[in-house]
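Everything below concerns the one structure shown next.
Numbering (my numbering), first residue to last: 55 to 309.
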């Protein structure tokens, strides 16, 4: 995929030391490392002109390069966003950088395209992200991050708690949205974000996107056309492998 020349680049931050699943970027999934699947999903988005994997580990870098990505060794960083910034801010020639989590082997390219379209349609947005309807069964799950939006589509708040509170269950459930961990940044927004220290709300909820809101950086929240499944634990890896097998068998039957 070569050097960054296009206006949209996808950057996949991937570190070895995941708390719940160390080395998951290299865990085998359908005969390939997880990171290879993520690289392929990013490359399938037609607006993406280059795919970069930003990592602290030479083994992950080698697997990313073998999958066709450009690998950048970034060293240690406090967050994935800091790792993304280290990889792309020194570069010229891009207008939007899409931060794709390294544990999303089933990320639909359509979601990436929806995020890019939304950012292009709203030139004033410095940061964009996606959401899906929140299943009621996950409303109390702190690992399911929720988001509420203004009428304009800008984020009001992200939380691990239930927002809005279902005092009126029907009204609240209609507004429940699950935040998906994919972001798009313009250069100015990324530069400003990583220049700021962690904020009080960010530390309280352990959600770095709250740093943007607390500092007056508006975040555009768009609807994702499809669901996506991440790999946070070894159990998730088994589940995603099953989903892939099912999709493969359905595709084979349709041929």
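All C-beta atoms in this analysis are idealised placements derived from N, C-alpha and C, irrespective of residue type, glycine included.
Q: Output the boundary residues of the alpha helix (DSSP H) element that contains residue 176.
A: No alpha helix (DSSP H) contains residue 176, which DSSP labels as neither H nor E.
Q) Taking buried to mean at least 16 other C-beta atoms within 10 Å of its own C-beta, is residue 221 buried or exposed? A) By the C-beta density criterion, residue 221 is exposed, having fewer than 16 other C-beta atoms within 10 angstroms.
Q | the segment 64-74 touching the segment 96-114, judged by at least three CB pairs closer than 8 angstroms | A | Judged by Cβ distances under 8 angstroms, the segment 64-74 makes contact with the segment 96-114, as three or more pairs qualify.
**Q.** Length of the line joining the Cα atoms of residue 271 and residue 245
**A.** Distance between the alpha carbons of residue 271 and residue 245: 12 angstroms.
Q | Member of 284, 196, 265, 177 whose CA lies at the smallest distance from the CA of residue 234 | A | From the listed residues 284, 196, 265, 177, the smallest Cα separation to residue 234 is found for 284.
Q.
Using the Cβ count rule (16 or more neighbours within 10 Å means buried), how would you classify residue 73?
A. With fewer than 16 other CB atoms across the displayed protein chains lying within 10 angstroms of its CB, residue 73 is exposed.
**Q.** Residue burial classification, residue 296 (beta-carbon count within 10 angstroms, cutoff 16)
**A.** So residue 296 counts as exposed.
**Q.** For residue 212, the nearest candidate out of 224, 199, 206, 219 (CA to CA)
**A.** When each option's Cα is compared against that of residue 212, the closest is 199.
Q: Could you check what DSSP says for residue 252 in three-state terms: helix, strand or coil?
A: Coil at residue 252, not helix or strand.
Q. Tell me, which residues are paired with residue 108 by DSSP?
A. Note: residue 108 sits in a beta bridge opposite 67, 126.
Q: Quick one: measure Cβ to Cβ for residue 86 and residue 282, integer angstroms, because I've assumed they're closer than 8 angstroms.
A: Between residue 86 and residue 282, the beta carbon gap of about 18 angstroms keeps them out of contact (Cβ cut-off 8 angstroms).
Q. Quick one: is residue 210 buried, meaning 16 or more other Cβ sit within 10 Å of its Cβ, or exposed?
A. With fewer than 16 neighbouring CB atoms inside 10 Å of its own CB, residue 210 falls in the exposed class.
**Q.** residue 83 in three-state terms, based on DSSP
**A.** Note: residue 83 maps to strand in three-state DSSP.
**Q.** Closest Cα partner of residue 88 within the set 174, 95, 79
**A.** Ranking 174, 95, 79 by Cα distance to residue 88 puts 79 first.
Q: Can you give me the Cβ contacts of residue 92 inside the same chain, cut-off strictly under 6 angstroms, excluding the 5 residues immediately before and after it?
A: Once the five neighbours on either side are set aside, the close Cβ partners of residue 92 are 66, 156, 158, 159.
**Q.** Local conformation of residue 78 per DSSP, three classes
**A.** Three-state DSSP puts residue 78 in a helix.
Q | Length of the line joining the Cα atoms of residue 277 and residue 185 | A | Roughly 5 angstroms between the two C-alpha positions.
(Q) Taking contact to mean 3 or more Cβ pairs, one atom from each stretch, closer than 8 angstroms, check whether the segment 236-251 and the segment 189-196 are in contact. (A) Contact fails: fewer than three Cβ-Cβ distances are below 8 angstroms.
Q) Skipping 5 residues on each side, what residues in its chain have a beta carbon closer than 6 angstroms to that of residue 304? A) With a pLDDT of 46 at residue 304, under the threshold of 50, the modelled position of that residue is not reliable, and the figure given next carries that caveat. Closer than 6 angstroms at Cβ, skipping near neighbours: no residue.
Q) By DSSP, does residue 102 sit in helix, in strand, or in coil? A) Secondary structure of residue 102 (DSSP, three-state): coil.
Q. Closest to residue 149 by CA distance: which of 101, 129, 287 is it?
A. The candidate whose alpha carbon is nearest that of residue 149 is 101.
Q: Report the residue from 230, 301, 126, 104 whose alpha carbon sits nearest the alpha carbon of residue 204.
A: With distances taken between Cα atoms, residue 204 lies closest to 230.
(Q) Helix, strand or coil, according to DSSP, for residue 235 in the structure here? (A) Residue 235 falls in the strand class under three-state DSSP.
Q.
I believe residue 104 touches residue 152 by the beta-carbon criterion, under 8 angstroms. Please report the beta-carbon distance rounded to the nearest angstrom.
A. Approximately 11 angstroms separates the beta-carbon atoms of residue 104 and residue 152; this is outside 8 angstroms, ruling out the contact.
Q. Hey, would you say residue 181 sits closer than 8 angstroms to residue 202, going by beta carbons?
A. No; because the gap between Cβ atoms is not below 8 angstroms, this pair is not in contact.
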